[in-house]
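Heads up: the structure comes next, in structure tokens.
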Amino acid sequence: MTANPTEICILTTKDFTILEVMRDRCDAGSPLAPILKKKLETALVVFRDDVPENVATLSSRVTFTVDGSEADTRILSHDAMSSSVGTFQPISTARGLALLGMAEGEDFHLVDRNGREERIVLEKVQYQPESARRARESVVAQADAAHRKPALRLIRGAFYDQPPIAPAGTSGGDDPGPSAA
Numbered sequence: 049m050t051a052n053p054t055e056i057c058i059l060t061t062k063d064f065t066i067l068e069v070m071r072d073r074c075d076a077g078s079p080l081a082p083i084l085k086k087k088l089e090t091a092l093v094v095f096r097d098d099v100p101e102n103v104a105t106l107s108s109r110v111t112f113t114v115d116g117s118e119a120d121t122r123i124l125s126h127d128a129m130s131s132s133v134g135t136f137q138p139i140s141t142a143r144g145l146a147l148l149g150m151a152e153g154e155d156f157h158l159v160d161r162n163g164r165e166e167r168i169v170l171e172k173v174q175y176q177p178e179s180a181r182r183a184r185e186s187v188v189a190q191a192d193a194a195h196r197k198p199a200l201r202l203i204r205g206a207f208y209d210q211p212p213i214a215p216a217g218t219s220g221g222d223d224p225g226p227s228a229a
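Just so you know, we're using the working numbering here: the sequence shown kicks off at 49 and counts up by one.
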């Protein structure tokens, strides 16, 4: 595996935690060990609301190429799924792990089991759950704002700048007033 030293892997807090657990459970001789190390060392960890929409996160549907071959579209998953073959790309595989945290247009070089180098390019993030969630929340907020009553607006009355009017008569208190002088 080779990498650009300025390469940054953008991970949500959840994705980062999952990779830490994977690293802790990974054997040193595993082909995933150097990828996990690289991802965690170059990670820029962000909250789910702050992850750019062009970054591959867990459960994102991504289109990628391997060594310039025909583009493939898969959903990044935590583990292998038992549903339709070819739908998911688990992060428990080198390619899936390489794609996690990449931004559109970035590439990742890794070495397969036969010692052959592969270049994976993330072409497009077709769907990202964090971005979809933000879009839903925005629509709900706009709908709430449209149904909200107008805010109360205070208007100053005619007596705003006038001195207070003193009541006529005695106050009935201890003060005898000006006539006592």
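Glycine included, C-beta positions come from ideal geometry on N, C-alpha and C.
The model shown is predicted, which means the values in this text are computed figures rather than measured ones.
Using C-beta distances below 6 Å, list every residue in its chain close to ARG109, excluding the 5 sequence neighbours before and after it, in chain order. By the criterion of a C-beta distance shorter than 6 Å, ARG109 is surrounded in its chain by ILE123, GLN174 and TYR175, once the five residues flanking it on both sides are discounted.
If you pair each beta-carbon of the stretch 88-106 with each one of the stretch 162-182, do three or more pairs fall below 8 Å? Segments in contact, yes.
Buried or exposed: where does PHE64 fall if 16 or more other Cβ atoms within 10 Å of its Cβ makes it buried? Answer is buried; the Cβ neighbour count reaches 16.
Could you give the distance in angstroms between the alpha-carbon of VAL93 and the alpha-carbon of LYS86? VAL93 and LYS86: Cα-Cα distance of roughly 14 Å.
By Cβ distance, which residues of its chain are closer than 7 Å to GLY144, with the 5 residues on each side in sequence left out? LEU124, GLN137 and PRO138.
Best match in GLU89, GLU55, ASP127 and SER117 for proximity to GLU171 [C-alpha to C-alpha]: Of the candidates GLU89, GLU55, ASP127 and SER117, the one whose C-alpha sits nearest the C-alpha of GLU171 is SER117.
Residue(s) in a DSSP beta bridge with PRO138: BP columns for PRO138 point to SER125.
Cβ of ALA193 versus every heavy atom of the ligand NAP: is any distance shorter than 7 Å? In terms of ligand content, the structure shown is empty, and the ligand NAP therefore cannot be addressed.
What three-state label does DSSP hand GLU55 in the structure shown? In the structure shown, GLU55 adopts coil according to DSSP, grouped into three states.
Between the CA atoms of ARG184 and ALA81 - distance to the nearest angstrom: Just so you know, the alpha carbons of ALA81 and ARG184 end up roughly 37 Å apart.
Run through DSSP, which three-state label would THR65 get? In this structure, THR65 counts as helix in the three-state DSSP scheme.
Residue range of the unbroken beta strand (DSSP E) whose run includes LEU88: That residue, LEU88, is in no beta strand (DSSP E); its alpha helix (DSSP H) goes 81-89.
Is GLN176 helix, strand or coil by DSSP? Correct three-state label for GLN176: coil.
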